[in-house]
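Take the sequence shown: its letters are residues 400 to 1020, numbered as in my numbering. Backbone N, C-alpha and C define an ideal beta-carbon position, used for all residues, glycine too.
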Amino acid sequence: MKPPKKAKDAKAETRRTPRKAAAGAAPADTAPVPAQPETPATAPPRAFTKRDIARAFDEVAMMLEILGDNPFRIRAFFNAARAIEDLSDDVGQLLQSGQLLEVRGIGKSMMEKIKSLLETGTFDEYEALKAKIPPGMLEMLRISGLGPKKAKIIHDKLGVSSLEKLEEAARNGWIAELPGFGEKTQANILAGIARYRKYSQRFLYSKAWDEASAVLKVVRAVPGVTRSFIGGSLRRCRETIGDLDILATAKDAAPVMDAFTGMGKVATVVGKGPTKSSVILNSGIHVDLRVVPDDGFAAAAHYFTGSKEHNTEVRAIAKKRGYKLNEYGLFKTDTDEVIPLTTEESLFEFLGMDFIPPEMRENMGEIEAAMSHTLPKLIEQDDIRGVFHCHSKYSDGRATIEEMALAARDLGFEFLGMADHSQSAGYVNGLKPDRVKRQREEIEALNEQLTPFVVFAGIESDILLSGALDYSDDVLASFDYVVASVHGQFTGTEKQMTERIVTAVSNPHTTMLGHPTGRILLTRDGYPLDLRAVFEACVAHDTYIEINAWPNRLDLDWRHVKTAKEMGVKFVINPDAHTTKEVAFYRYGVNIARKGWLTKDDVLNTRGAAAVQKILSGRRR
């Protein structure tokens, strides 16, 4: 089978699931929140969120496509799903006030379906379609690279209607024999099945943060809770999360356990005990709650933050000094005398170490650095003074440049960089040279209006197959900065992809490399790439590497961030925002930067607008 055409490859890059911005890791020592969480008087069997509604509409659209329904009707459901996902306000409140009808893509018919989903968890058409489609086919459609049309052909020709049967057909070579498929498609389906099984029980940081924050609010509201926090891999800001850990201190754990297991968000109570309870939320996320005495908080906070590898090394240090450290406390080995500790900081200090931020606790050199007092001062969210990689209605964004700029200013930023898609990205209305000029004129007028706030005129230029950028040199020279990104034709070998990207970052017009590996978390692995060669080229040509903070990407991976820093690479943290609320996605990127040991000095957008202007102007000479 021939490699897919560029337009089809690139189309996969369009925004499908915007996410709510997170506020970062919760502090370990917090007071209870006085207000009780709101609970509907008559809750449906399952509390539907906007993501649930969007997913239901997506499934309806896919089922209609399988059945060969009217394309306009199919598109209406897809558009409604995107409109619901983009809402910043509560769906139920908008429905109740009648404002939902003012949302583009939501008519009276869709509003009635949303009302039914909120009240009953379903609607008639949804159930009727599910009765016509074998249940396993919906799961098949979650396999990346297998759309409704291909799934229907496989079902009709081979009788496949489940994930297990799909895998069997692929392993036996039956799919490759179908007209229009071939060995390559078959291999991609098998890879997609493997990814789905690997990631199906994992959740994006952004989704896990939203769920954990809601649970924490319930726990903190219980009278008697003195301290509480989110632990585990979420506190360490891992990009995907398997389950959640909540830790609280209270003299009487029983009321805390009652409130936790009785939440409206709980689908199943796995276990309920005097110090630990476990539930599965409606979203499918498993949550453990542990309640400990206040004097046991420091050791428990460290233990339940992890990672396992980090904890093992710290316990070994304690053991060498004649102490025993576990989730219950720090004890003298010979007498079991408890060492009084009030905070995690006091635990590290007692062991002769500097406090290690949770994001760094991965046993990747942080313990040695803490012992030798050489830990870097990590970048903070408040250090970011602007972002560069944002999109407007000029390409595939959903807001005007002015709306995006005002959203950035509301976050306290000094500048915003607009980087709409370049001309070859026709599938997202990429900018031809005449529209580049028109956009520049609008930005210049806006800068006069918003001074001292600055809007920089950039572009996200496609990296073509040859490694060339997507405009002539004179057009590229007209931008304040250029984000060079791959959006299609990912199927080259490691050598080919590396040469392509090295050529692009070596271009004197390239300011920064966008989403460097092209990964989509829980969906698509990055393309094959010799990252060390890319890093070397970036250092040699003074090209920044982007940490793309869009929560479905978080690319560059934090493990590679640390390596790149050690090689001398400079970074920029960008939200890849397509709506005003997504500008705040930069916070996820700061999490990744902290995990990669970056300081304020390592990141371009910790500078103010004037300093950034000087740096960008200097590069264009």
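Residues sharing a beta bridge with residue i, DSSP
i	result
residue 945	971
residue 558	The partner list for residue 558 (beta bridge, DSSP) is empty, contrary to what the question assumes.
residue 710	Its beta-bridge partners do not exist; DSSP assigns none.
residue 645	629, 688
residue 923	919
residue 716	According to DSSP, residue 716 bridges with nothing at all.
residue 911	882, 943
residue 818	857
residue 532	Paired residue(s): none; residue 532 is not in a bridge.
Buried versus exposed call for residue i [16 or more other C-beta atoms within 10 Å across all chains shown]
i	result
residue 942	buried
residue 894	exposed
residue 873	exposed
residue 500	exposed
residue 994	buried
residue 955	buried
residue 925	buried
residue 492	exposed
residue 791	buried
residue 651	exposed
residue 434	Residue confidence is low: residue 434 scores 30 on pLDDT, short of 50, so the model does not pin down where it sits. Its coordinate-derived value is still stated next. Residue 434 should be labelled exposed.
residue 966	exposed
residue 796	buried
residue 732	exposed
residue 721	exposed
residue 864	exposed
residue 908	buried
Beta-carbon spacing of residue i, residue j below 7 angstroms
i	j	result
residue 794	residue 835	no
residue 516	residue 452	yes
residue 678	residue 704	no
residue 460	residue 476	yes
residue 643	residue 684	yes
residue 885	residue 860	no
residue 997	residue 951	no
residue 614	residue 686	yes
residue 856	residue 839	yes
residue 960	residue 1003	no
residue 1022	residue 962	The structure shown does not extend to residue 1022, since the chain is modelled only from 400 through 1020, so no value can be given for it.
residue 858	residue 818	yes
residue 813	residue 1007	yes
residue 568	residue 577	no
residue 983	residue 778	no
residue 505	residue 482	yes
Proximal residues to residue i (C-beta, below 7 angstroms), its chain only, five neighbours per side dropped
i	result
residue 640	601, 602, 604, 607, 632, 633
residue 929	893, 897
residue 968	934, 937, 938, 944
Same chain, Cβ closer than 8 angstroms to residue i, five either side skipped, listed in chain order
i	result
residue 749	729, 738, 740
residue 1043	One cannot answer for residue 1043 here, as it falls past the ends of the chain, which runs 400 to 1020.
Alpha carbon of residue i to alpha carbon of residue j, nearest angstrom
i	j	result
residue 548	residue 821	30 angstroms
residue 987	residue 953	7 angstroms
residue 726	residue 626	16 angstroms
residue 980	residue 806	7 angstroms
residue 896	residue 944	16 angstroms
residue 831	residue 788	19 angstroms
residue 757	residue 706	9 angstroms
residue 847	residue 841	10 angstroms
residue 591	residue 889	15 angstroms
residue 964	residue 526	53 angstroms
residue 917	residue 903	15 angstroms
residue 589	residue 564	12 angstroms
residue 438	residue 799	Residue confidence is low: residue 438 scores 31 on pLDDT, short of 50, so the model does not pin down where it sits. Its coordinate-derived value is still stated next. Going from the Cα of residue 438 to the Cα of residue 799 covers about 37 angstroms.
residue 989	residue 948	8 angstroms
residue 466	residue 502	28 angstroms
residue 702	residue 662	26 angstroms
residue 772	residue 760	15 angstroms
residue 540	residue 524	19 angstroms
residue 673	residue 692	12 angstroms
Chain D contact for residue i (CB, 7 angstroms cutoff)
i	result
residue 794	Looking for chain D here will not work: only one protein chain is present.
Sequence-distant residues of the same chain with beta carbon closer than 6 angstroms to residue i, five excluded per side
i	result
residue 712	762, 766
residue 649	623, 624, 655, 690
residue 582	575
residue 445	With a pLDDT of only 48 at residue 445, under 50, the local geometry of the prediction cannot be trusted, and the value read off the model is given with reservation. So the list reads 520, 681, once near-sequence residues are dropped.
residue 770	752
residue 910	880, 881
residue 621	654, 655, 658
residue 754	744, 747
residue 554	560
residue 688	645, 659, 676
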